[in-house]
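In this note's numbering, the protein residues as written are 514 to 651. From the three backbone atoms N, C-alpha and C, an ideal C-beta is built for every residue, glycine too. Let me begin by presenting the structure, written as structure tokens, before commenting on it.
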Amino acid sequence: MTPDTARTAAAAEHPTRPRLTGPALRLTVLIGEQDTWHHRPLYSEIVHRAHTAGLAGASVFRGIEGFGASSIVHTSRLLSLSEELPVAVVVVDTEERVRAFLPELADLVPDGLVTLDACEVVAPAAPTGTHEEGKRTS
Numbered sequence: 514m515t516p517d518t519a520r521t522a523a524a525a526e527h528p529t530r531p532r533l534t535g536p537a538l539r540l541t542v543l544i545g546e547q548d549t550w551h552h553r554p555l556y557s558e559i560v561h562r563a564h565t566a567g568l569a570g571a572s573v574f575r576g577i578e579g580f581g582a583s584s585i586v587h588t589s590r591l592l593s594l595s596e597e598l599p600v601a602v603v604v605v606d607t608e609e610r611v612r613a614f615l616p617e618l619a620d621l622v623p624d625g626l627v628t629l630d631a632c633e634v635v636a637p638a639a640p641t642g643t644h645e646e647g648k649r650t651s
């Protein structure tokens, strides 16, 4: 299968969702990189459940240093403490859809930190069609 046919198959399986703009709610789940759910990385399980629930988007960010309830500072600078780095899973959608997703996290995240923040999703400026040195083009 070529990359183009793989993209076409993926697009057919997952139709494009309308672009979210305006008031939204950001869900952030802070967990450890080594946390798992049935032998699968917990961050991956959360992203896949958010996708299945039809939420607008989810991303995972790996921290380089942090501490939580254990009060142990984990850092990427020391090999012995780099195994349990913090991970943030960020999900953004309308308040109604994010709040409806929260029960999915009840069993998944008994020890992590879950926060909700009001935010506004804005559309990037429309491209002008001209190419300027150093500017991104489509």
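Report all residues from its chain with a CB closer than 7 angstroms to the CB of residue i; omit the five preceding and five following residues, and keep chain order.
i    : result
H551 : none
T549 : L555
Is the beta carbon of residue j closer than 9 angstroms to that of residue i?
i    : j    : result
L540 : L626 : no
V602 : A537 : no
V542 : L618 : yes
L652 : E546 : The structure shown has nothing for residue 652, since the chain only spans 514 to 651.
A636 : A566 : no
So if DSSP puts residue i in a beta bridge, which residue, or which two residues, is it bridged to?
i    : result
D606 : L538
H587 : G579
L503 : Shown here, the chain extends from 514 to 651; a query on residue 503 therefore has no answer.
P599 : G545
F614 : Beta-bridge pairing links F614 to no other residue.
V573 : V602
A631 : L538
Excluding the 5 residues flanking residue i on each side, which residues of the same chain have their C-beta closer than 6 angstroms to its C-beta?
i    : result
V604 : L540, A563, L568, A571
Y556 : V573, V600, V602
I544 : L555, V600, G625
L615 : none
Near residue i, what residues of its chain come up, given a Cβ to Cβ distance below 8 angstroms and the 5 sequence neighbours on each side ignored?
i    : result
G535 : E633, V634
Measure how close the beta-carbons of residue i and residue j come, nearest whole angstrom, since I'm counting them as under 8 angstroms.
i    : j    : result
L598 : G581 : Rounded, the Cβ-Cβ distance is 11 angstroms, inconsistent with contact.
Query raised in the report: Which ranges does the alpha helix (DSSP H) cover as unbroken runs of at least 4 residues, wholly within the segment 538-569, from first to last along the chain?
Result: Taken in chain order, the complete alpha helix (DSSP H) segments of 4 residues or longer contained in the segment 538-569 are 555-565.
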